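This report concerns only the one structure given below.
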Amino acid sequence: KKISIDSATLANKGLEVIEASRLFSLDAKEIQVLIHPQSIVHSMVQSKDGAYYAQLSPPSMKQAILYALNYPEIKENSLPSLDFSQDL
């Protein structure tokens, strides 16, 4: 199980900045890249009032991809979920 930052991770983050910039018509300077140590934060948006909205799931892109493919519906699935009563 690899949870580290390497050149592939950084290259992927660069592509994600380009993707977010194009999808949401944002200048790259408006996008901040953060790498969560446990890789459970897949996306996060801060609203004007300072509140954050995040998509959190275990360190796999399965949940994020399932969400994107079924948007705006949220479908039941058998993927593991986070247990906030346990150490993450």
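In terms of this note's numbering, the sequence shown opens at residue 503 and continues consecutively. For every residue, glycine included, the Cβ atom is placed at its ideal position computed from N, Cα and C. Values in this document were obtained by computation on a predicted structure and should not be read as measured data.
Reference residue i; option with closest CA among the options
i      : options                           : result
Ala566 : Ile520, Ser541, Val519 and Gly552 : Ser541
Asp589 : Thr511, Gly516, Pro560 and Val519 : Pro560
Lys577 : Asp585, Ser587, Lys564 and Phe586 : Lys564
Asp508 : Leu584, Pro539 and Ser523         : Pro539
Lys531 : Val519, Leu581 and Asn514         : Val519
Leu584 : Ala513, Val543 and Asp551         : Val543
Phe526 : Tyr569, Leu581, Val547 and Ala513 : Val547
Bounding residues of the alpha helix (DSSP H) (the contiguous stretch that carries residue i)
i      : result
Leu558 : Not the alpha helix (DSSP H): Leu558 falls in the beta strand (DSSP E), residues Tyr554 to Leu558.
Gln565 : Lys564 to Asn572
Val535 : Run containing Val535: none; DSSP gives neither H nor E here.
Ser545 : Premise fails: Ser545 lies in the beta strand (DSSP E), Val543 to Gln548, not in any alpha helix (DSSP H).
Glu578 : Counting along the chain, Glu578 falls outside any alpha helix (DSSP H), and DSSP gives it neither H nor E.
Leu512 : Ser509 to Leu525
Expected contact under 8 Å - CB spacing of residue i and residue j to nearest Å
i      : j      : result
Tyr555 : Ser549 : 7 Å
Gln534 : Ser545 : Not really, about 12 Å apart at Cβ, beyond 8 Å.
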